[in-house]
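Visitor: Heads up: the sequence lines are chains A and B, in that order.
Here this note's numbering is used: position 76 in the first sequence is 78, and no number is missing along the way.
Here this note's numbering is used: position 92 in the second sequence is 94, and no number is missing along the way.
Quick reminder that beta carbons are idealized off the backbone N, C-alpha and C, glycines included.
The structure is given below, and queries will be raised subsequently.
There are 2 protein chains.
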Amino acid sequence: MNQMLDDDLANVMRALGHPVRLSIMRILAEQKTDCCCMDVTQSLPLAQSTVSQHIKVLLDAGLVERHAKGTRNCYKLRADRLAEFGSAWSGLFNGLTTTESPVKELA
Amino acid sequence: MNQMLDDDLANVMRALGHPVRLSIMRILAEQKTDCCCMDVTQSLPLAQSTVSQHIKVLLDAGLVERHAKGTRNCYKLRADRLAEFGSAWSGLFNGLTTTESPVKELA
DNA sequence: ATCTTTTATCGCTGAATGCCGATGAACCAG
DNA sequence: CTGGTTCATCGGCATTCAGCGATAAAAGAT
């Protein structure tokens, strides 16, 4: 399990630390089929260029991946990275963050 | 279980989306005794005013709480909020984020 | 009352961010 | 080849952020 570096973690957090980008993640999560920039844009009250920039931030943070499909670019979440972040978060503060089954801390 | 609003979630993420603030959280997590601004400052290569500002961001995000102790202000993590965030994260993307025991999604 | 310690806040600067419209590249359809 | 679609990128603008030193407030010590 590739341990997430601190800067990496901060990058992920910062990428998700914007309501619009959270929305984009949600949109991508809900879509069964791959969805392109235009689809995302139509779900948001923002210009295409703005959405594209937000997607780029998510790409750079490794939260999303792109693959070309004809004239359009399709995006989907990177489940591996999400899981990676999840476990990084769980181990962050000596298990202070877990709700159920509080992992016994070994001093 | 108080459902975390989207903006709240984004705020928390943004607050944690900075390496220095992550460090501060770590420092607070490791200290058994409450620790004050000065203690944190001595562990970081930053001016006291800068550290104070970062702490304020964490305070505003509800990740940290303050209580006065003589001439100094002591800080500690808010475990409740951390747990809250943990479960909010778990439920965010249809369980895509969980590593172990992928929660069965109910359509 | 005076001094010291600790901290929050102010004012400032440079850098980064968020947003937009416009433009050009890449690709498909006629 | 021409034209339409989709998208990333550029330039520009206003706002926010990150960092600092200086300062004032609050509390303890003398």
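Going by Cα to Cα distance, which pick from B:G88, B:I57, B:K71 and B:T73 is closest to L30 of chain B?
Guide: B:I57
Visitor: For N13 of chain A and A63 of chain A, which I take to be in contact (beta-carbon distance under 8 Å), what is that distance rounded to the nearest angstrom?
Guide: 5 Å
Visitor: Enumerate, from N- to C-terminal direction, the unbroken alpha helix (DSSP H) stretches of 4 or more residues contained entirely within the region 62 to 89 of chain B.
Guide: none
Visitor: DSSP puts C38 of chain B in a beta bridge; with which residues?
Guide: B:C76
Visitor: How long is the line joining the alpha carbons of R68 of chain B and Y77 of chain A, rounded to whole angstroms?
Guide: About 42 Å.
Visitor: Could you check whether the region 5 to 24 of chain B touches the region 80 to 87 of chain B, counting it as contact only if at least three pairs of C-beta atoms, one from each stretch, sit closer than 8 Å?
Guide: Yes, they touch.
Visitor: Since P47 of chain B and D9 of chain A should fall inside the 8 Å C-beta cutoff, what is the C-beta to C-beta distance between them, to a whole number of angstroms?
Guide: The Cβ separation is near 16 Å, so there is no contact.
Visitor: At what residues does the alpha helix (DSSP H) containing M6 of chain B begin and finish?
Guide: Element bounds for M6 of chain B: n/a, residue is neither H nor E.
Visitor: Can you name the residues of chain A whose CB is closer than 8 Å to the CB of L60 of chain B?
Guide: Under the 8 Å cutoff, chain A gives no residues; its nearest Cβ is about 13 Å from L60 of chain B.
Visitor: Can you list, in chain order, the residues of its chain whose CB lies under 7 Å from that of L24 of chain A, leaving out five sequence neighbours each side?
Guide: L18
Visitor: What does A70 of chain B touch in chain A if you count any residue whose Cβ is under 7 Å from its own?
Guide: Around A70 of chain B, no beta-carbon contact reaches into chain A at under 7 Å, the shortest distance being about 23 Å.
Visitor: Does the beta carbon of M6 of chain A come closer than 7 Å to any beta carbon on chain B?
Guide: no
Visitor: Chain B beta carbons: is any one of them nearer than 7 Å to that of P21 of chain A?
Guide: yes
Visitor: Please go through the same chain and pick out, in chain order, the residues whose beta-carbon is closer than 7 Å to the beta-carbon of V59 of chain A, but skip the five residues on each side of it.
Guide: A17 and R23
Visitor: Measure from the alpha carbon of F95 of chain B to the alpha carbon of each residue in A:V66, A:A70, A:C38 and A:A49, then state which is nearest.
Guide: A:V66
Visitor: Based on Cα-Cα distance, which residue from B:S51, B:C38 and B:A81 lies nearest to A70 of chain B?
Guide: B:C38
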